[in-house]
Amino acid sequence: MDALKKFFPFSWRATEVKDLIITLLIYIVIDVVCGFVIGLLASLPIIGFIFSLLGWLVGLYALVGIVLAILVFAKVIK
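The sequence shown: position 3 = 28 (our numbering), numbered continuously.
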């Protein structure tokens, strides 16, 4: 669990409804902003594949962070 706490620090703060909403908004904003920037850079012919892969990883990070925040809020994991 310590490794998860280091990689997803915002998810472990979601103990109340207000904290959960703030955490979800943080992850959504991170995903949207990075997705937009990486989407623009992915259209470059030479390095587009690398940015496409990076965009996929940022999306996966946001998804796992949201799932962890919901699990911490529901007290499934501590």
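The beta-carbon is built from N, C-alpha and C at its ideal position, and this holds for glycine as well.
F61 carries a helical assignment under DSSP once its states are collapsed to helix, strand and coil. Taking C-beta separations shorter than 8 Å and ignoring five residues to either side along the sequence, the partners of K30 in its chain run W37, following chain order. Here DSSP, grouped into helix, strand and coil, assigns L79 to helix. By the C-beta density criterion, L49 is buried, having at least 16 other C-beta atoms within 10 angstroms.
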